[in-house]
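Counting in the working numbering, the sequence shown tops out at residue 340, every number present. Beta carbons are placed, not taken as given, at the ideal position from N, Cα and C, and that holds for glycine.
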Amino acid sequence: MKLLIIGPQGSGKGTQAEILSEKLRIPHISTGDIFRSLQGPLKKKVDEIINKGNLVPDELTLEILKNRLEKEDCKKGFILDGFPRNLNQARLLKKITKIDKVIEITLDDKTAIKRITGRRLCKKCKINYNIFTEPKPKNPEICDECGGKLVRRKDDTENAVKKRLEIYKKETLPVLKEYDNILTINGNQSIKEMTEEIINNLELKTD
Ligand code: AMP
Numbered sequence: 134m135k136l137l138i139i140g141p142q143g144s145g146k147g148t149q150a151e152i153l154s155e156k157l158r159i160p161h162i163s164t165g166d167i168f169r170s171l172q173g174p175l176k177k178k179v180d181e182i183i184n185k186g187n188l189v190p191d192e193l194t195l196e197i198l199k200n201r202l203e204k205e206d207c208k209k210g211f212i213l214d215g216f217p218r219n220l221n222q223a224r225l226l227k228k229i230t231k232i233d234k235v236i237e238i239t240l241d242d243k244t245a246i247k248r249i250t251g252r253r254l255c256k257k258c259k260i261n262y263n264i265f266t267e268p269k270p271k272n273p274e275i276c277d278e279c280g281g282k283l284v285r286r287k288d289d290t291e292n293a294v295k296k297r298l299e300i301y302k303k304e305t306l307p308v309l310k311e312y313d314n315i316l317t318i319n320g321n322q323s324i325k326e327m328t329e330e331i332i333n334n335l336e337l338k339t340d
């Protein structure tokens, strides 16, 4: 099953993609995660773009995605998160593969900004927290599990989030017009409720 998950920043698409990936045993491919894990000379250039909340050029993004989709683990399917981000990317994706289902998650800007600016990550054990919503750490700067320092992504500041949301509306939302197999889920509910709704609606067979 080839799935695509689309939603504004803070809608929980990464979390849902991770859960679905485990349940369906298909890889979760996040172009944002791939960019964040880059090393070497490309890293500095890409980090600069990401930290301002802008999009990485299509050519580079597509090359990175193509390489990932060619790996053996994608043969059975995958769940794509963060790609396509604009119409050009959607059209290029169509040339390399066919998507079975698109999951669209909706969320209002106010909630999105609150969720994103509250997002924290433990530098040491990589657990995710949120200082405004659950899972809330006991101390906003320290990991409950390992005592590691909690950090914020550089593009999770209010300014960068506003920019990312603007790009989402202008460039990413029009991508939905390219698909007729869309399941729309309200992002303003619990993680568990959202997963149940997705699984039930897509009639996905899970363990
Ligand atoms: P994300 O983790 O999906 O929020 O992505 C973080 C950042 O990575 C985005 O704000 C962009 O700068 C960059 N990025 C991720 N996916 C793409 C893409 N498909 N096209 C261009 N830039 C992307």
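Practice problem: Could you tell me if I229 is buried or exposed, where buried requires 16 or more neighbouring beta carbons within 10 angstroms of its beta carbon? | Solution: exposed
Quiz item: If you run the structure through DSSP and keep just helix, strand and coil, what is I197?
Solution: helix
Quiz item: Alpha carbon to alpha carbon, what distance is there between E196 and I212?
Solution: 18 Å
Practice problem: Could you please give the first and the last residue of the uninterrupted beta strand (DSSP E) stretch that includes V294? | Solution: No beta strand (DSSP E) contains V294, which is instead part of the alpha helix (DSSP H) from E291 to I300.
Quiz prompt | For D214, the three-state DSSP class (helix, strand or coil) | solution = strand
Quiz item: What do you reckon, is the C-beta of N187 under 7 Å from a heavy atom of the ligand AMP?
Solution: yes
Quiz prompt | Outcome for D206 when other beta-carbon atoms lying within 10 angstroms are tallied against a minimum of 16 | solution = Under this definition D206 is an exposed residue.
Quiz item: Between which two residues does the beta strand (DSSP E) containing E237 stretch?
Solution: K234 to T239
Self-check item: Continuous beta strand (DSSP E) assignments of at least 3 residues falling wholly in the region 242–326
Solution: 252–255, 261–263 and 315–319
Quiz prompt | 7 Å CB neighbourhood of T148 in its chain, flanking five on each side removed | solution = In its chain, beyond the 5 residues on either side, I324 have a beta carbon closer than 7 Å to the beta carbon of T148.
Quiz item: Just checking, does the region 241–255 make contact with the region 213–233 on the three C-beta pairs under 8 Å criterion?
Solution: no
Quiz item: Is it true that the CB of R286 sits closer than 8 Å to the CB of T266?
Solution: Not in contact: T266 and R286 (Cβ atoms no closer than 8 Å).
Self-check item: Three-way DSSP call (helix, strand, coil) for I159 in this model
Solution: coil
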